[in-house]
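Residue numbers (the UniProt record's numbering): 1 to 286.
Note that the Cβ used here is the ideal one computed from N, Cα and C, for glycine as well.
In this text, all values refer to a predicted model and were calculated from it rather than measured experimentally.
Quick notes on the structure that follows.
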């Protein structure tokens, strides 16, 4: 990601508004198709629905890159593009987060999730600070490659920016002190088709499978066990039988469990309202 935008920047800095919109839109199509392909892999809906959702999302999100290219082409003779482009990309990323179509899963900051020192800087100005930094690195490197003058003066700048951001985050991490002893957590992650999980004929089989995973987690002797969202095909708050079975195992082993579950209430108009929820089960003292 530190060099991936250089070809696109070169195209934008050397072409007009119309061509830049086309190149930006094509880039956006490829970028969003690769990063959001999982929308089309949703097993909880019909294939035609998820395919249409994926295509629509990719075409919509690509517009922002097309707009960025068009604006760059329109202003390339009037402003300093090296200074403008990071602000432009971050502004469009911010605008994209608003409204019913707001979408933040394609934000550039997500490319840095493996680099904790860099992520420490998010509290300065949010994720947009990281996006600004990424585009700035690309712009500076582009200038280093294509500039005919001043190369000796700018070749050190990308390293200073990169290392400065890294070490500032690393320095912040050194101040973090653990206020408690560490704990061992066992996370249960089943692979069950959601359509089959809620099929009444398969429910008992799913419960037995989850129980076997729970036993495996118990054998590791963790301090805490975490079930994922809606792991069990039941409304735990309403289903006393399944909740009691889970509570009994918690009492026997002494290991608490946090489990995600769906919940349902009846509103004043008599309609069923569904919620995502979580339930914490702790061992009961004798």
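What does the Cβ neighbour count give for residue i, buried or exposed, with the cut at 16 atoms within 10 Å?
{"i": "residue 146", "result": "exposed"}
{"i": "residue 16", "result": "exposed"}
{"i": "residue 243", "result": "buried"}
{"i": "residue 105", "result": "exposed"}
{"i": "residue 214", "result": "buried"}
{"i": "residue 307", "result": "Nothing about residue 307 can be reported from this structure: the residues present for the chain run from 1 to 286 only."}
{"i": "residue 57", "result": "buried"}
{"i": "residue 167", "result": "exposed"}
{"i": "residue 290", "result": "What the structure shows of the chain is the stretch from 1 to 286, and residue 290 is not part of that stretch, so it cannot be assessed."}
{"i": "residue 200", "result": "exposed"}
{"i": "residue 193", "result": "exposed"}
{"i": "residue 268", "result": "exposed"}
Once you ignore the five residues that flank residue i on each side, which residues in its own chain have a CB closer than 8 Å to its CB?
{"i": "residue 235", "result": "261, 262, 263 and 264"}
{"i": "residue 277", "result": "237, 260, 261, 262 and 263"}
{"i": "residue 51", "result": "40"}
{"i": "residue 274", "result": "262, 263 and 264"}
{"i": "residue 111", "result": "1 and 134"}
Ordered along the chain, which non-local residues of its own chain (more than five positions away) have a Cβ less than 7 Å from that of residue i?
{"i": "residue 131", "result": "89, 90, 93, 107, 108 and 109"}
{"i": "residue 69", "result": "12, 20, 21, 23 and 24"}
{"i": "residue 286", "result": "Summary for residue 286: the model assigns pLDDT 49, below 50, so the residue's position carries little reliability, and this model does not support an answer."}
{"i": "residue 76", "result": "13"}
Relative to the C-alpha of residue i, which candidate in the options has its C-alpha closest?
{"i": "residue 102", "options": "181, 61 and 253", "result": "61"}
{"i": "residue 54", "options": "32, 66 and 72", "result": "32"}
{"i": "residue 72", "options": "284, 226 and 14", "result": "14"}
{"i": "residue 222", "options": "129, 266, 250 and 191", "result": "250"}
{"i": "residue 64", "options": "188, 255 and 97", "result": "97"}
Using the three-state DSSP reduction, which class does residue i fall into: helix, strand or coil?
{"i": "residue 280", "result": "strand"}
{"i": "residue 257", "result": "strand"}
{"i": "residue 186", "result": "strand"}
{"i": "residue 271", "result": "coil"}
{"i": "residue 78", "result": "coil"}
{"i": "residue 220", "result": "coil"}
{"i": "residue 6", "result": "helix"}
{"i": "residue 286", "result": "The pLDDT assigned to residue 286 is 49, lower than 50, so where the model puts this residue is not dependable, and the model offers no usable value."}
{"i": "residue 264", "result": "strand"}
{"i": "residue 46", "result": "coil"}
{"i": "residue 240", "result": "helix"}
{"i": "residue 19", "result": "helix"}
{"i": "residue 175", "result": "coil"}
{"i": "residue 65", "result": "helix"}
{"i": "residue 231", "result": "coil"}
{"i": "residue 35", "result": "helix"}
Let me check one thing: in DSSP terms, what residues is residue i bridge-paired to?
{"i": "residue 225", "result": "186 and 257"}
Using a Cβ-Cβ cutoff of less than 6 Å, which residues in the same chain neighbour residue i once the five nearest sequence positions on both sides are dropped?
{"i": "residue 169", "result": "117, 118, 120 and 121"}
{"i": "residue 8", "result": "27"}
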